[in-house]
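Colleague:
In the UniProt record's numbering, the protein residues as written are 1 to 503.
(1) When you compare the stretch 445-463 with the stretch 481-488, are there three or more beta-carbon pairs, one atom per stretch, that lie closer than 8 angstroms?
(2) Counting along the chain, where does the alpha helix (DSSP H) carrying residue 95 start and finish?
(3) Between which two residues does the alpha helix (DSSP H) holding residue 286 run?
(4) Please report the distance separating the alpha-carbon of residue 289 from that of residue 229.
(5) Classify residue 353 as helix, strand or coil using the three-state DSSP reduction.
(6) Ignoring anything shorter than 3 residues or poking outside the stretch 416-445, list the beta strand (DSSP E) runs there in chain order.
(7) Using the C-alpha atoms, what's the distance from residue 17 back to residue 417?
(8) Run through DSSP, which three-state label would residue 76 get?
(9) Buried or exposed: which applies to residue 195, given that a residue is buried once 16 or more other Cβ atoms fall within 10 Å of its Cβ?
(10) Measure the CB-CB distance between residue 492 and residue 468 and report whether it falls below 8 angstroms.
(11) What residue does the alpha helix (DSSP H) around residue 504 start on, and which one ends it?
(12) Does the Cβ of residue 414 have 16 or more other Cβ atoms within 10 Å, making it buried, or fewer, making it exposed?
(13) Using a Cβ-Cβ distance under 8 angstroms, would residue 457 count as near chain B?
(14) For residue 483, count neighbouring C-beta atoms within 10 Å of its own C-beta (all shown protein chains included) and say buried if the count is 16 or more, exposed if not.
(15) Among 15, 31, 40, which residue has its Cα nearest to the Cα of residue 25?
(16) Quick check: what's the CA-CA separation for residue 287 versus residue 101?
(17) Is residue 345 buried or exposed, if buried means 16 or more other CB atoms sit within 10 Å of its CB?
(18) Alpha helix (DSSP H) containing residue 260: first to last residue?
(19) State the DSSP-derived secondary structure class of residue 456, mapped to helix, strand or coil.
(20) Would you call residue 503 buried or exposed, if buried means 16 or more other Cβ atoms sit within 10 Å of its Cβ?
(21) Taking its Cβ as the centre, do 16 or more other Cβ atoms sit within 10 Å of residue 45, making it buried, or is it exposed?
(22) Return the CA-CA distance between residue 111 and residue 122, expressed in angstroms with no decimal places.
(23) Applying the criterion that 16 or more other CB atoms from any shown protein chain within 10 Å of the CB defines a buried residue, is residue 501 buried or exposed?
(24) Expressed to the nearest angstrom, what Euclidean distance is found between the alpha-carbon atoms of residue 316 and residue 323?
(25) In its own chain, which residues sit with a C-beta less than 8 angstroms from the C-beta of residue 62, not counting the 5 before and 5 after it?
(26) Roughly how many angstroms lie between the CA atoms of residue 477 and residue 185, to the nearest whole one?
(27) Express the C-alpha separation of residue 189 and residue 354 in angstroms, rounding to a whole number.
(28) What is the rounded straight-line gap between the Cα of residue 314 and the Cα of residue 326?
(29) What's the call for residue 452, buried or exposed, on a 16-neighbour Cβ count within 10 Å?
(30) For residue 307, I'd like the list of residues in its chain whose CB is within less than 8 angstroms of its CB, leaving aside the five on either flank, ordered along the chain.
(31) Starting from residue 66, trace the alpha helix (DSSP H) in both directions and tell me its first and last residue.
(32) Does the distance from the C-beta atom of residue 203 to that of residue 248 stay below 8 angstroms?
(33) From residue 235 to residue 205, what distance separates their C-alpha atoms?
(34) State the Cα-Cα distance for the pair residue 31 and residue 85, rounded to the nearest angstrom.
(35) Please list, in chain order, all residues of the same chain as residue 224 whose beta carbon is under 6 angstroms from its beta carbon, the five residues on each side excluded.
(36) So if DSSP puts residue 182 in a beta bridge, which residue, or which two residues, is it bridged to?
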């Protein structure tokens, strides 16, 4: 379990993983939204899932649901999605049940008793009401606290109109991206045809698994990274970009120059420390686990890379080179040591980014309504507002310490910034990520919702002075900062640190 679930074990520990492995989940309605939600539970390793759906796969499903293909049109959607989800994690059990949702809820209410979590999408009013009734009796949400997907969409449309903004200008434009999506044959989704072409030229030509079934060697590599560590995909993208730039320029030094500017240590050195060891385990023994994982990962990657190079050669897309010639010319970056250092480079230099959850802004917009506006609020907004408030209230109670609440009955514990967790990602900006750290930085980095990063000076900077940012929270004493910087493998000797050490 330690190797396969490395990333989540570091997030929620072995006990959290064991609890997850004992969880049983029911998905009602296997549309694209529901399928993606269930995928994100299957990958980290729940115990079992079941899909309840009476729909057959349609052409529309084949264009917007990653887990169905055109070949499955007319077949049971529940069974089709379940089959592909099971391929993503062999340790998870699951099945699809082709049955009428309303009839099951009305005639088999005990059916829900076997599940710890129920996900439901695209239910009609009768099924929604019955599900709310059944879940309410088991400690789930009551009927009046349920807002449907249609309610949220209507609320967003109403607020956009009232605000005088077009869908493109609105913060909620994220919901419109799906309408403009462009898909590769492998199922990768892009925001436009231009974006798709750029990705293909830069890296996807070598990373494409060719079909949504991912039966190719590259597809097997990508599936492997999903259940181990997705940062391996970033490393593969870097290597692919180097190779494709070499194919275009036939200049290896130029092709690898963007990567060579970064500090790179092997992945197993960056992410391990003495604090992680089990009793009786040495640091080298612990690192051997990560060496074995990245060796296995690299071998899978090379299998897919060679396969795709041959494919590009047959298509005449290697600028007159053969697949063997590219492999020979690029051998200095096609080894496990370089691959592990690229992974380590991301661990040491990447920047975490977060885009606010759209419901966060929706909750704020509804919460700012005046008392008079609340009286005249359309029913759909009222339902959404109640649902958001109910969720926030339950989340608040989870976060607030029970003893603290008893001791300070007059105080309230708020979690508004954490009610709806944003989308997190990783970025490696060639300029920003090469800036050095200082505990008294003269610059800061700000991000806009479109993913752009901007560096701003926090005070006047003399000519010739190095521009520095902070890698950590600098509102700590020198010892705490030094401990945080161990992750980056250096000790800070900025003026502030030196002065505090002398004090």
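The beta-carbon is built from N, C-alpha and C at its ideal position, and this holds for glycine as well.
Modeller: On the basis of the data shown:
(1) A contact between stretches requires three or more CB pairs, one per stretch, nearer than 8 angstroms, and the stretch 445-463 fails this requirement with the stretch 481-488.
(2) In this chain, residue 95 is not harboured by any alpha helix (DSSP H); it is covered by the beta strand (DSSP E) spanning 93-98.
(3) Note, residue 286: alpha helix (DSSP H), 283-314.
(4) Note on geometry: alpha-carbon atoms of residue 289 and residue 229 lie some 14 angstroms from one another.
(5) Strand.
(6) With a minimum length of 3 residues, the continuous beta strand (DSSP E) runs that stay inside the stretch 416-445 are 423-427.
(7) Only weak support exists for where residue 417 lies, its pLDDT of 49 falling under 50; the coordinates are left without a value.
(8) Residue 76 falls in the strand class under three-state DSSP.
(9) Residue 195 sits exposed, since fewer than 16 C-beta atoms from the chains shown fall within 10 Å of its C-beta.
(10) Between residue 492 and residue 468, the gap from beta carbon to beta carbon reaches 8 angstroms or more.
(11) Given a span of 1 to 503 for the chain in the structure shown, any question on residue 504 remains unanswerable.
(12) Only weak support is given to the placement of residue 414: the predicted model assigns it a pLDDT of 38, under 50, and the value that follows is read from those uncertain coordinates. Classification of residue 414: exposed, given that the 10 Å Cβ count is below 16.
(13) Absence of chain B from the displayed structure is noted, only one protein chain being present.
(14) By the 10 Å Cβ count, residue 483 comes out exposed.
(15) Its Cα nearest to that of residue 25, the residue 40 stands out among 15, 31, 40.
(16) When rounded, the distance between both Cα atoms is 50 angstroms.
(17) With 16 or more Cβ atoms within 10 Å of its Cβ, residue 345 is classed as buried.
(18) It spans 252-260 - the alpha helix (DSSP H) in which residue 260 sits, taken as one unbroken run.
(19) DSSP, read as helix, strand or coil, puts residue 456 in strand.
(20) The Cβ neighbour count for residue 503, taken over all protein chains shown within 10 Å, is under 16; the residue is labelled exposed.
(21) Under the 10 Å beta carbon count, residue 45 is surrounded by 16 or more other beta carbons and is classified as buried.
(22) Their backbone Cα atoms lie some 20 angstroms apart in a straight line.
(23) Answer is exposed; the Cβ neighbour count stays below 16.
(24) Pairing residue 316 with residue 323, the inter-Cα distance amounts to about 11 angstroms.
(25) These residues qualify, in order along the chain: 68, 69, 70, 72, 73.
(26) For residue 477 and residue 185, the distance between alpha carbons rounds to 53 angstroms.
(27) Roughly 20 angstroms separates the two Cα atoms.
(28) Distance between the alpha carbons of residue 314 and residue 326: 14 angstroms.
(29) Sixteen is the threshold: since fewer than 16 other Cβ atoms of the shown chains lie within 10 Å of the Cβ of residue 452, the residue is exposed.
(30) Excluding residues within five positions, the ones whose Cβ falls inside 8 angstroms are 216, 217, 218.
(31) Unbroken run through residue 66: none, as it is neither H nor E.
(32) No.
(33) One C-alpha to the other measures close to 15 angstroms.
(34) Taking the straight line from one Cα to the other gives about 13 angstroms.
(35) Sequence-distant partners of residue 224 (beyond 5 residues in either direction) whose C-beta falls short of 6 angstroms from its own C-beta, in its chain, are 300.
(36) According to DSSP, residue 182 bridges with 190.
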